[in-house]
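With the sequence shown counted from 1, adding 7 to any position gets you the working numbering.
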Amino acid sequence: MTQETIKTKKEPKKTASKNEQNLLIKVLANRVLFAVHLFAYIAVSGLLVLLWGINASLSGDLFFWPVFTMLGWGIGIGFHTITYLMFNDKVEYLTRVRKESTFGILYIYHLFFYAIVNALIFIANLLITPGIIYFYWPLAMWGIGFGFHTLGFLTWDQFTEKESQKLKQKNPEAESKKIQMDAQSKIVNLWVLLAHISYFIVANILIYINVPATQIQTEPFTLIESTLTWATVLGIHVFGYYLFFYNDKFPKVLKGLILHITFYIGINAWIIYSDLTQLPEMVTFYYPLILWGVAILVHTFLYLKWDSIQPAAIEETKRNLSGEYDKYELNKKANRLLFWKWSFISHLLIWALGIVLIGINFAIEGINMQFLVIAALGWLIGVSVHGGCFIVVLKNISDFLSWTATLHLSAYISTAVLLITLNVMAPAFPWSAIALAGWGIGLGIHILLAKLT
């Protein structure tokens, strides 16, 4: 199927390979850096074993403590080794996995981390606390998620092909890339949902088996209420999966709003219940009710104006891209821009209204308003970094050093305002200048590296 391509206004940039586009992969896949890392690991591990052997022969203490360094550092060297082999096409199987899907790449890393971390826990359990056996807890609980990831990995090709055929029959005019991504999204979300259901069942069985019956109803928020709260979240998860992948009546933007409202009602109902039944003298449920409500209103506005907002976002996206993109990729990037733009606007509104609500509470309680200033500026750091994320997406900043420098600068400016304000409140010594100058050196180096590389 021929895909419609759209030429953006900017001249296309020189294309780069996948490795060159990702700084982390480029560094980890470098042959010299990998050789130095591997040599350092082997040399240091050998030295530690030698020191252990000398100490054991002199003192008779046979406790093999180097194993913890070897396994701990082994997590890092193992991750480095897998990345080096996979992205340099050194092992045919890893190369095939890398080319097939991101899901498969993540599974290889997941397999390694699951094995080595549980090996470390197992050895630590047997060597340090042999009288208290606990290693099977992370082995089993993590194993549930790992098991579903394994099933998904082993059946990936079969399921994606089957789902893609269904989507093609349902919508024969759709772009092949969109069909492929929608099929993969449905499969990944299915495995996540099944893992969630399994965790809910297993965790609750273990909790009710191990907790004495007398404590089930005596906790401030009882185990039964906790189970019901989790069941509410799980129910919303199931509903969301059905809504997005089996309901064809509503557009996606409306599905997102419906799911958002459902989550808002379900979670706030439990927050109100908890406040009124557990601590009625300290009612605070109006905070999430009002502030989260702002996000619901913004989401509703976005849905109502979607037909005019999305085309404008597509045009804005075109202006900041270079080269040719198919319609699916362009829409995907435009929707990503809209998410960060309107989530930032929501965050800004929630911050402003939240400070007003906190200020009213401070006035009623007679709390010094200086603390309100500190709270406002502290929260503003998060808002500023959120704004930095929006700028990164708006300007299509994809280089690792460049987008991290943008976020770094956002955090620095907003934190500087807070530190200077605190210093003004406590002016005995200009400590904020020292802190900001030291941090500024690091920020300057970061920005220079981003500009020069």
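Cβ coordinates follow ideal geometry from the N, Cα and C atoms, glycine included.
Using CA coordinates, which residue listed in the options is at the minimum distance from residue i?
i	options	result
residue 55	74, 42, 40	74
residue 3	458, 38, 239, 423	Nothing can be reported for residue 3: it is not among the residues displayed for the chain, which extend from 8 to 460.
residue 145	428, 91, 210	210
residue 353	391, 318, 338	391
residue 81	241, 448, 125	125
residue 207	114, 231, 42	231
residue 248	139, 410, 266, 256	266
residue 214	233, 39, 139, 198	233
residue 197	70, 138, 252, 256	252
residue 274	260, 239, 250, 245	239
residue 156	176, 112, 136, 143	112
residue 237	217, 276, 250	276
residue 406	458, 436, 370, 369	458
In chain order, what residues of the same chain lie with their CB nearer than 6 Å to the CB of residue i, ignoring the 5 residues before and after it?
i	result
residue 28	Only weak support is given to the placement of residue 28: the predicted model assigns it a pLDDT of 48, under 50, and the value that follows is read from those uncertain coordinates. If we look at residue 28 and ignore the five residues flanking it on each side, it has no Cβ neighbours.
residue 427	439
residue 443	423
residue 362	383
residue 454	412
residue 340	324
Could you name the residues of the same chain whose beta carbon sits closer than 7 Å to that of residue i, not counting the 5 residues immediately before and after it, in chain order?
i	result
residue 268	303
residue 349	305, 309
residue 171	186, 187, 190
residue 141	132
residue 432	377
residue 403	327, 328
residue 167	190, 191, 194
residue 48	80, 84
residue 107	none
residue 153	117, 121
Please return the same chain residues whose Cβ sits closer than 8 Å to the Cβ of residue i, not counting the five positions on each side in sequence.
i	result
residue 24	Note that residue 24 scores a pLDDT of 43, beneath 50, so its modelled location is shaky; the value from the coordinates is reported in the next line. Excluding residues within five positions, none has a Cβ falling inside 8 Å.
residue 335	10, 182, 184, 185, 188
residue 297	360, 364
residue 387	358, 421, 424, 425
residue 38	91, 95
residue 61	none
Can the beta-carbon of residue i be found less than 8 Å from the beta-carbon of residue j?
i	j	result
residue 94	residue 36	yes
residue 456	residue 408	yes
residue 52	residue 76	yes
residue 278	residue 295	yes
residue 90	residue 96	no
residue 163	residue 110	yes
residue 366	residue 379	yes
residue 59	residue 41	no
residue 78	residue 127	yes
residue 1	residue 104	With the chain running from 8 to 460 in the structure shown, residue 1 is simply not present.
residue 63	residue 69	yes
residue 245	residue 313	no
For my contact list, residue i and residue j are in at a C-beta cut-off of 8 Å; report their separation, rounded to the angstrom.
i	j	result
residue 299	residue 280	Residue 299 to residue 280, Cβ: 16 Å. No contact.
residue 425	residue 385	6 Å
residue 130	residue 159	So it is not a contact: roughly 29 Å between Cβ atoms.
residue 264	residue 307	6 Å
Comparing the CB of residue i with every heavy atom of the ligand FAD, is any distance shorter than 7 Å?
i	result
residue 357	Among the ligands in the structure shown, none appear at all, so the ligand FAD cannot be discussed.
Any 3 or more C-beta pairs closer than 8 Å across the segment 322-335 and the segment 284-293 = no
Are the segment 191-204 and the segment 349-360 in contact at 8 Å, needing three or more beta carbon pairs?
-> no
Please determine if the segment 412-429 and the segment 381-400 are in contact, where contact requires at least 3 C-beta pairs separated by less than 8 Å.
-> yes
Does the count of Cβ pairs from the segment 317-326 and the segment 339-346 closer than 8 Å reach three?
-> yes
Using 8 Å as the threshold, is the segment 111-121 in touch with the segment 77-86, meaning 3 or more CB pairs across them?
-> yes
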